[in-house]
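See below for the structure under consideration.
And the structure:
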């Protein structure tokens, strides 16, 4: 996994889920990708301790963590293409799981259109990790036979996709809101207005 490669080789992009924060919860495959990376583009939500497994790589922050500004998605896409075309092995390190509210689809579309080979490496998403850590399963045979993941942030740079609050209010399972701390008053009000019981346990 650490064999040397020449500039003539085709670059490869690995979209790696960093998991919920604990370095011990990074997958074996995720660590392998970091160990062979030439460049790591990491989000602010990724634990910086994970970079210890990529001492050979150039590590670039593309997410805000109090020191650097947030890159636009267009800038990230462009850098992925640039590095891959140089023959680099690039890890795009994302907090949680790449498939959950992480804009992975946008990056994959760009890579596929350019003919850049890629691999998506799953990670443990925050909702599952947090619930397991505190011993509260998000499904239960007697109480919750389904789970819905909902964004707590509305898109500002894409066509709106209205949330069906009435459907969510009727949903018989567990509702999980991502990125919803700063908007908690908004989405709770929407659920209550749609008929959700105020006695619903949190």
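Residue numbers (the working numbering): -7 to 194. Using N, Cα and C, we set each Cβ at its ideal position, and we do this for glycine too. Keep in mind that this is a model prediction, so the values were computed, not measured.
To the nearest angstrom, report how far apart residue 32 and residue 26 are at their CA atoms.
If you take the alpha carbons of residue 32 and residue 26, they lie about 8 angstroms apart.
Measure the alpha-carbon distance for residue -2 versus residue 30 and round it to whole angstroms.
Model confidence at residue -2 stands at a pLDDT of 41, short of 50, so the residue's coordinates are unreliable and nothing is read from them.
Check the DSSP bridge columns for residue 53 and list the partner residues they point to.
Note: residue 53 sits in a beta bridge opposite 34.
Rounded to a whole number of angstroms, what is the C-alpha to C-alpha distance between residue 89 and residue 37?
Roughly 11 angstroms between the two C-alpha positions.
Starting from the N-terminal side, write out each stretch of the alpha helix (DSSP H) that is 4 residues or longer and does not extend beyond the region 96 to 125.
The qualifying runs are 96 to 106, 118 to 125.
Evaluate contact between the region 13 to 27 and the region 90 to 107, counting only Cβ atoms and requiring at least three cross-stretch pairs below 8 angstroms.
Verdict: no, contact absent.
Would DSSP call residue 81 helix, strand or coil?
Looking at residue 81 - three-state DSSP - the assignment turns out to be strand.
For the structure I just gave you, are there three or more beta carbon pairs, one from the region 171 to 186 and one from the region 116 to 130, closer than 8 angstroms?
The region 171 to 186 is not in contact with the region 116 to 130.
Helix, strand or coil for residue 137? Go by DSSP, reduced to three states.
Three-state result, residue 137: coil.
How would you write the range of the beta strand (DSSP E) that residue 9 sits in, first residue to last?
Its beta strand (DSSP E) spans residues 4 to 9.
Smallest Cα separation from residue 136: which of 193, 39, 12?
Closest option to residue 136, Cα to Cα, is 193.
What is the residue span of the alpha helix (DSSP H) that residue 173 lies within?
That residue, residue 173, is in no alpha helix (DSSP H); it is neither H nor E in DSSP.
What did DSSP end up calling residue 92 once you bin it into helix, strand or coil?
Coil at residue 92, not helix or strand.
Can you check whether the CB of residue 160 is closer than 8 angstroms to the CB of residue 138?
No.
Thinking residue 84 and residue 3 are a contact (beta carbons under 8 angstroms), I'd like their distance in whole angstroms, please.
Not confirmed; about 12 angstroms, so no contact.
What does the alpha-carbon distance come out to for the pair residue 34 and residue 82?
Straight-line Cα distance between these residues: approximately 10 angstroms.
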